[in-house]
Amino acid sequence: MWRRFRSFDRSVQLLMVNQFAINVGFYMLMPYLAGHLSDRLFMAAWAVGLVLGMRSLSQQGLFLLGGTLADRLGYRPVIIAGCLLRTVGFGLLGFVDTLPALLVASALTGFAGALFNPAVRAYVAHGAGERRVEAFALFNVFYQAGILLGPLIGVALLAVDFRLVCMVAAGVFAALTLLQLSALPPCHNEKPQRGSVLADWRDVAANRPFRMFALAMVGSYVLSFQIYLALPLALGDDDAVSALFVVSALVALLGQMHVTDWARRRWTASQAIARGLALMGLAFVPLIPYGVAGAPVPVAAALACTVLLTLGTVLAYPFEMDTVVALSGGHRVATHYGFYNTVAGIGVATGNFAVGRLLDLGSAWAWTGLAFTGAAGAVAVRRLEWDRGTAGRYRLWGRPRRTSSTDTRL
């Protein structure tokens, strides 16, 4: 893994380390924010939900704007601006105690993510060239390592004071801001965009193969989110829930590169993505009998579900990120990522509401619905390839229209 990391361009290496630090800073604070608001600031549950919801809304709702800014202003300045904004937002969270101020801090934190997420992925895609799949696989290793380490640092600092957690998290992003100001080079593929922002958005939305792919992949985000929603509700034990996150991160860390290399030798991009989605859906099948019997889900069954769910995500993710770039044709790559993340965010919100309703009806309905979601997503992805092959309708999995040096065969 170290040799692979060293084989990439310096900018790609820096962005991988950057993503690791971003997740360390984020996850050392955010899992404990709700407890701080309710236990230390004595806020009502609705106010806690409003503050947390503001962060999610400002990030998911502004991904498209963040991607557009990255394409128009350049990846580097938008990444730096996002890290700087999160420095301010995290710092405020530790020192303000009124609802309006907390909402502002939460909004700044969310908008920061909307800025640097599409820009980082577009920059990695450009810097990796034809090694995009390998780069995104390694990128996910750094991503998961940050998720694993962040909460451990956060809980240690929380024993001292929540303000210390906020200050250390803000310090991480301040250090990232300075590091990227001094070490991250401009991306030479960045070119000024002409025309209006709305015209950019219309062009992206009019890209039918990309739009259909984004819709086909919504289910994967609904499924992966269930480690935060359905599985914790089924277990109802904090220690068991913590074990789910640790196992998920370890599976991704240890298995990502092996799974990606194995899949690249055997399957096309569409086959790998479809099999990943199918595996994610299959993860919930063993839980259905417990729902039918009305029995609690054993920890062992939940852990097995988590392993399969993570393996499916690990299998699909690098090929999924590569496909977004290829379908963009090398134009407005960050805007395409922003649009893609916005569609995923809307899908997760809608899907989580549906999962919650099914859980109210009985967990068997929820597990069955989630299994069907994975199967439907796999069929949808393969159907797009079939349409391209039989009717020539979508040039999705063959050779895309060549418009730039970043446009390569999937």
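Quick note on UniProt numbering: the sequence shown kicks off at 1 and runs consecutively. Yeah, the Cβ is synthetic: ideal placement off N, Cα and C, and Gly gets one too.
Just verifying my parser: in three-state terms, what is the DSSP assignment at F20? Against the sequence shown, residue 20 aligns to sequence position 20. Helix.
T68, DSSP secondary structure in three states: In the sequence shown, the residue the question calls residue 68 occupies position 68. If DSSP states are grouped into helix, strand and coil, T68 belongs with the helices.
So, under 8 angstroms CB-CB, R132 and V325 are touching, yes? Tell me the CB distance rounded to an integer number of Å. Against the sequence shown, residue 132 aligns to sequence position 132. Against the sequence shown, residue 325 aligns to sequence position 325. That belief holds up - the Cβ atoms of R132 and V325 are roughly 6 angstroms apart, short of 8 angstroms.
Have a look at A183 and L176 and give me their C-alpha separation to the nearest angstrom. Residue 183 sits at position 183 when you count from the first residue of the sequence shown. Residue 176 sits at position 176 when you count from the first residue of the sequence shown. Spanning the two alpha carbons is a distance of roughly 10 angstroms.
In whole angstroms, give me the CA-to-CA distance for A170 and A137. The count along the sequence shown starts at 1 and reaches residue 170 at position 170. The count along the sequence shown starts at 1 and reaches residue 137 at position 137. Answer to the nearest angstrom: the Cα atoms are 28 angstroms apart.
In angstroms with no decimal places, state the Cα-to-Cα distance between N352 and P31. Here the question's residue 352 lines up with position 352 in the sequence shown. Here the question's residue 31 lines up with position 31 in the sequence shown. One C-alpha to the other measures close to 19 angstroms.
Where the alpha helix (DSSP H) containing E130 begins and where it ends: Here the question's residue 130 lines up with position 130 in the sequence shown. No alpha helix (DSSP H) holds E130; DSSP gives it neither H nor E.
Name the two residues that bound the continuous alpha helix (DSSP H) containing I273. The sequence position of residue 273 within the sequence shown is 273, counting from 1. From DSSP, the alpha helix (DSSP H) with I273 extends over A269 to L282.
Let me confirm a value: F42 is counted as buried when at least 16 other C-beta atoms fall within 10 Å, else exposed. Which label applies? For this step, residue 42 is matched to residue 42 along the sequence shown. Counting Cβ neighbours within 10 Å, F42 comes out exposed, since fewer than 16 surround it.
Determine the contact status of A375 and G281, defining contact as a CB-CB distance below 8 angstroms. Reading the sequence shown from its first residue, position 375 is the one you call residue 375. Reading the sequence shown from its first residue, position 281 is the one you call residue 281. In contact: A375 and G281 (Cβ atoms closer than 8 angstroms).
Collapsed DSSP secondary structure at H331 in the structure displayed: Counting from one through the sequence shown, the residue named residue 331 turns up at place 331. In the structure shown, H331 sits in coil (DSSP, three-state: anything other than H, G, I, E or B).
DSSP state of M167, grouped into three classes? Here the question's residue 167 lines up with position 167 in the sequence shown. DSSP places M167 in helix when its eight states are reduced to three.
When V307, A302, M217 and F225 are compared against S248, the one with the closest alpha-carbon: For the purposes of this step, residue 248 is taken as residue 248 along the sequence shown, with counting starting at 1. Checking every option, the nearest Cα to that of S248 belongs to V307.
Which of the three DSSP states is assigned to A295 in this structure? As a first step, residue 295 is located in the sequence shown; it is residue number 295 there, counting from the start. In this structure, A295 counts as coil in the three-state DSSP scheme.
Residue from R163, G74 and Y75 with nearest C-alpha to R40: Residue numbering aside, residue 40 sits at position 40 when the sequence shown is read from its first letter. With distances taken between Cα atoms, R40 lies closest to R163.
Measure the CB-CB distance between G127 and S11 and report whether it falls below 8 angstroms. Position 127 of the sequence shown, counted from the start, is the residue given in the question as residue 127. Position 11 of the sequence shown, counted from the start, is the residue given in the question as residue 11. At a Cβ-Cβ threshold of 8 angstroms, G127 and S11 count as neighbours.
Starting from V78, trace the alpha helix (DSSP H) both ways and give me its first and last residue. Looking up residue 78 in the sequence shown gives position 78. Note, V78: alpha helix (DSSP H), Y75 to L93.
Can you check whether the CB of A252 is closer than 8 angstroms to the CB of F319? As a first step, residue 319 is located in the sequence shown; it is residue number 319 there, counting from the start. As a first step, residue 252 is located in the sequence shown; it is residue number 252 there, counting from the start. Against a cut-off of 8 angstroms, the Cβ pair of A252 and F319 comes out as no contact.
For residue 422, which of I346, G94, A366 and L64 has the nearest alpha-carbon? The chain is shown from 1 up to 410; residue 422 falls before or after that span and cannot be answered.
In whole angstroms, what separates the C-alpha of R6 from that of N18? Translated into positions along the sequence shown, residue 6 becomes position 6. Translated into positions along the sequence shown, residue 18 becomes position 18. Distance between the alpha carbons of R6 and N18: 15 angstroms.
Could you give the residue range of the alpha helix (DSSP H) that holds S58? Your numbering for residue 58 matches position 58 in the sequence shown. Unbroken alpha helix (DSSP H) run through S58: A45 to Q60.
Is DSSP giving C305 helix, strand or coil here? By one-based count along the sequence shown, residue 305 stands at place 305. Helix.
Helix, strand or coil at G389 according to DSSP, with G and I counted as helix: Here residue 389 corresponds to residue number 389 of the sequence shown, with the count starting at 1. Low per-residue confidence applies at G389: pLDDT is 46, beneath 50, and the placement is therefore not dependable, though the value from the model is reported in the following sentence. Helix, per DSSP.
A159, DSSP secondary structure in three states: Against the sequence shown, residue 159 aligns to sequence position 159. Reduced to three states, the DSSP call for A159 is coil.
In its own chain, which residues sit with a C-beta less than 6 angstroms from the C-beta of A214, not counting the 5 before and 5 after it? Looking up residue 214 in the sequence shown gives position 214. Closer than 6 angstroms at the Cβ level, and outside the excluded window around A214, lie Y340 and V343.
Excluding five sequence neighbours on each side, which residues of the same chain lie with their C-beta closer than 7 angstroms to the C-beta of T109? Locating residue 109 in the sequence shown gives position 109, where the first residue counts as 1. Once the five neighbours on either side are set aside, the close Cβ partners of T109 are R55, R86, G89 and F90.
T373 to Y221, Cα distance in whole Å? As a working note, residue 373 is residue 373 in the sequence shown. As a working note, residue 221 is residue 221 in the sequence shown. Roughly 10 angstroms between the two C-alpha positions.
Reference A135; option with closest CA among A199, D322, P100 and A81: As a working mapping, residue 135 is identified with position 135 in the sequence shown. Cα-wise, what sits closest to A135 is D322.
Sorted by chain position, which residues of the same chain lie with C-beta nearer than 6 angstroms to A114's C-beta, five sequence neighbours on each side aside? Taking the sequence shown and counting its residues from 1, the one referred to as residue 114 is at position 114. Cβ within range, chain order: Q59, L62, F63 and G66.
Among residues of its own chain, excluding the 5 on either side of P369, which ones have a beta-carbon nearer than 8 angstroms to its beta-carbon? Within the sequence shown, residue 369 is the residue found at index 369, counting from 1. It is Gly, not Pro, that sits at residue 369 in the sequence shown. So the qualifying residues of the chain are A354, V355 and L358.
For Q180 versus C83, is the C-beta spacing smaller than 8 angstroms? On the sequence shown, position 180 is the one that residue 180 refers to. On the sequence shown, position 83 is the one that residue 83 refers to. Note that the C-beta distance between Q180 and C83 is below 8 angstroms.
Contact the region 20-37 vs the region 147-154: 3+ CB pairs below 8 angstroms: yes
Cα-Cα, which of L231, H336, Y337 and V259 is closest to A301? As a working mapping, residue 301 is identified with position 301 in the sequence shown. When L231, H336, Y337 and V259 are compared, the shortest CA-CA separation from A301 is found for L231.
Going by beta carbon distance, what residues of the same chain come within less than 7 angstroms of G362, once the five residues before and after it are set aside? Residue 362 sits at position 362 when you count from the first residue of the sequence shown. Only G291 meet the Cβ criterion.
Specify, as a first and last residue, the run of the alpha helix (DSSP H) that A216 falls within. By one-based count along the sequence shown, residue 216 stands at place 216. That run of the alpha helix (DSSP H) goes R208 to A216.
When burial is assigned at 16 or more other CB atoms within 10 Å of the CB, is L198 buried or exposed? For the purposes of this step, residue 198 is taken as residue 198 along the sequence shown, with counting starting at 1. Per the 10 Å Cβ criterion, exposed.
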